[in-house]
Amino acid sequence: MKPGLTNVIGRCVCIAGSLWCTVGQAYVLVDEPDRTLSLDVSSTVGVFHSKKNYQQWGNREPGHSSWREGYIKYGLSGSLASDDLGSVFGTLSRTASATWGDGDAAGFTNGTERTDKWEEAFAGWRSADLFPALGKDGVEVSAGRQAILLGDGFLVAGDGISAGRGLADNRFNRGGGYYITPRRAFDQTFWLKLGGQQGLHGSLGWFKSDNPIQAKVEMAFSTLEYTADLGTVGMTYLHGLGVDQKFASGAQVDRDGMDVYSLRATGDAGVPGLFLSSEIAVQSTRRGNAKAGYVEAAWTFADLPGKQTLGYRFSQYGADWDALLYGFSRGYGTWFQGEVAANYAGPFGANTTIQQVYWRAQPSETLAVNILAYDFRNQRTRGAIDSSGRELDFILDWSVTPNVILSPMLGLYDPSKDADHGGVQLGDDKLNVYSAVLISTRF
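1391 is the number of the first residue of the sequence shown in our numbering; add one for each residue after it.
Right under this line is the structure:
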């Protein structure tokens, strides 16, 4: 892995919050009071073009890139319930993915990726009303191949980054589909949840990645939260149990033995239309401590048509912060801040201060509009890639029919420096025009 690229590996997408990423139609095979079985199929195809390329891996030249990505995920999910014993549930799925064309603008893929492999394979048990003090399904335990989301994904939101061929002698190949992120499940997990979703509740567990670009990291975690009408306050603890030294580079080595502590809060503070959210985290390793955090406020204008929301976020990631496994969770810009910056140009959630202003609206039940503006500034410039710049993104989510969702995107990215002067944009430091169209189809 190239120096300065350590936190590229923090890119993991949990895109479940967007309209276009996990749209799927479950075909119900069995639907009875005590048992269910469904055939689950979802797919996404995207067409991308970037006027500029970015030198993250030493495999890109000045010019533009045009490429396509796609995946189809298919499998079964079901449950068995008993009044006396609670319920058991499980999911088994595979994902076929591919990248065509030039490969993405940062060289994570080269357009030759074709892969079909197992994605999810997990089972679990819910307690129903067996423990009244803990509420309905107050105990839930699961294990196997599954994605794990902690909080809103600031630290952990699955194992999403999906690199392909053409970088690092193909050592990081996971099947491509870099932007659409077809795979998010950890290879091995154990997850115990206690207390349901209201009042005092928490979780503890463990996950192990089989993703080489994440150095196959293994971590234990625990969370404690309190949820009331005003919102949720919580804390998270993570402890690194190991990495595969064959793939570890830079800060990844420090994941073995790393301790991560975070405090977070989100809610409306009792004011309808208000949204407040914040998280502060500290990483402790043998080399020292690193900090990251954000504060965010948004207002939804109840008197205006279209459910319009205006928001602002200030986030800061220390120079030595390891971006870990953050991902997409509650909308565009969380936590991939900038369609170009977060995916191709950097800063990839490290050594940066980001100011974000966003406007969102839903003019109709079938159309959502997103406009997001960013300002990126390096925390440390000496000996580091300069990922400072500005970006403006326009994104639509349009339900064309009940079975098809169309998401066109336009990103305007203006870097402070080009690759010849400490940045990563090849050719010059002029404005990059990035465009994409994604289509999700229900089966």
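Note that CB positions come from ideal geometry on N, CA and C, so glycine has one too.
Computed from a predicted structure; not experimentally measured.
Quick one: using the 10 Å Cβ neighbour count with 16 as the cut-off for buried, is residue i buried or exposed?
{"i": "Glu1459", "result": "buried"}
{"i": "Ser1754", "result": "exposed"}
{"i": "Ala1523", "result": "exposed"}
{"i": "Phe1358", "result": "Given a span of 1391 to 1833 for the chain in the structure shown, any question on residue 1358 remains unanswerable."}
{"i": "Pro1662", "result": "exposed"}
{"i": "His1811", "result": "exposed"}
{"i": "Glu1422", "result": "exposed"}
{"i": "Glu1451", "result": "exposed"}
{"i": "Gln1642", "result": "buried"}
{"i": "Lys1442", "result": "buried"}
{"i": "Arg1573", "result": "buried"}
{"i": "Arg1564", "result": "buried"}
{"i": "Lys1583", "result": "buried"}
{"i": "Gly1595", "result": "buried"}
{"i": "Leu1540", "result": "buried"}
{"i": "Leu1590", "result": "exposed"}
Near residue i, what residues of its chain come up, given a Cβ to Cβ distance below 6 Å and the 5 sequence neighbours on each side ignored?
{"i": "Gly1647", "result": "Gly1630"}
{"i": "Leu1520", "result": "Gly1476"}
{"i": "Gly1632", "result": "Glu1608, Asp1646"}
{"i": "Asn1760", "result": "Tyr1722, Arg1750, Ile1785"}
{"i": "Leu1800", "result": "Phe1784, Ser1825"}
{"i": "Ala1740", "result": "Asn1397, Tyr1707, Trp1711, Ala1713"}
{"i": "Phe1479", "result": "Ser1469, Gly1514"}
{"i": "Val1623", "result": "Tyr1616, Ala1655"}
My guess is that residue i and residue j are in contact by the Cβ rule of under 8 Å, so how many angstroms apart are they, rounded?
{"i": "Tyr1684", "j": "Phe1704", "result": "6 Å"}
{"i": "Thr1656", "j": "Gly1566", "result": "Rounded, the Cβ-Cβ distance is 34 Å, inconsistent with contact."}
{"i": "Ala1731", "j": "Tyr1764", "result": "7 Å"}
{"i": "Ala1537", "j": "Gly1525", "result": "The Cβ separation is near 24 Å, so there is no contact."}
{"i": "Ala1575", "j": "Glu1510", "result": "5 Å"}
{"i": "Thr1579", "j": "Ala1533", "result": "6 Å"}
{"i": "Asp1837", "j": "Arg1676", "result": "Summary: the structure shown does not reach residue 1837, with the chain confined to residues 1391 through 1833, and so no result is reported for it."}
{"i": "Tyr1803", "j": "Gly1779", "result": "6 Å"}
{"i": "Thr1502", "j": "Arg1555", "result": "6 Å"}
{"i": "Ile1349", "j": "Ile1551", "result": "Residue numbering for the chain in the displayed model covers 1391 to 1833; residue 1349 lies beyond these limits and cannot be assessed."}
{"i": "Arg1767", "j": "Thr1742", "result": "7 Å"}
Please work out which residues of its chain come closer than 7 Å, Cβ to Cβ, to residue i, disregarding the five sequence neighbours upstream and downstream, and give them in chain order.
{"i": "Thr1831", "result": "Ser1433, Asn1793, Val1794"}
{"i": "Ala1682", "result": "Ala1671, Gln1706, Tyr1707, Gly1708, Trp1711"}
{"i": "Leu1427", "result": "Leu1419, Val1420, Leu1466, Gly1468"}
{"i": "Pro1798", "result": "Leu1786, Val1827"}
{"i": "Leu1762", "result": "Tyr1722, Gly1723, Gln1746, Tyr1748, Asp1783"}
Going by DSSP, what residue range makes up the beta strand (DSSP E) through residue i?
{"i": "Val1759", "result": "1757–1768"}
{"i": "Asp1787", "result": "1779–1791"}
{"i": "Glu1530", "result": "1529–1535"}
{"i": "Glu1608", "result": "1608–1618"}
{"i": "Ala1826", "result": "1822–1831"}
{"i": "Met1648", "result": "Neither: Met1648 is in no beta strand (DSSP E) and is coded neither H nor E."}
{"i": "Thr1485", "result": "1476–1491"}
{"i": "Asn1679", "result": "1678–1690"}
{"i": "Lys1463", "result": "1455–1472"}
{"i": "Asp1634", "result": "Element bounds for Asp1634: n/a, residue is neither H nor E."}
{"i": "Ala1751", "result": "1742–1754"}
{"i": "His1439", "result": "1425–1440"}
{"i": "Pro1602", "result": "It is not in any beta strand (DSSP E) - Pro1602 carries neither H nor E in the DSSP assignment."}
Within a Cβ cutoff of 8 Å, which residues of the same chain sit near residue i, ignoring the five residues on either side of it in sequence?
{"i": "Ala1659", "result": "Leu1620, Gly1621, Leu1666"}
{"i": "Leu1757", "result": "Leu1786, Asp1787, Trp1788, Ser1789"}
{"i": "Trp1689", "result": "Gly1663, Leu1664, Phe1665, Thr1699, Leu1700, Gly1701"}
Discussion item. For the stretch 1434–1454 against the stretch 1493–1513, do three or more pairs of beta-carbon atoms, one drawn from each stretch, fall closer than 8 Å, so that the two count as touching?
Written reply: yes
Worksheet item: With a cut-off of 8 Å, do at least 3 Cβ pairs link the stretch 1635–1655 to the stretch 1541–1557?
Response: Touching, yes, given that three or more Cβ pairs across the two stretches are closer than 8 Å.
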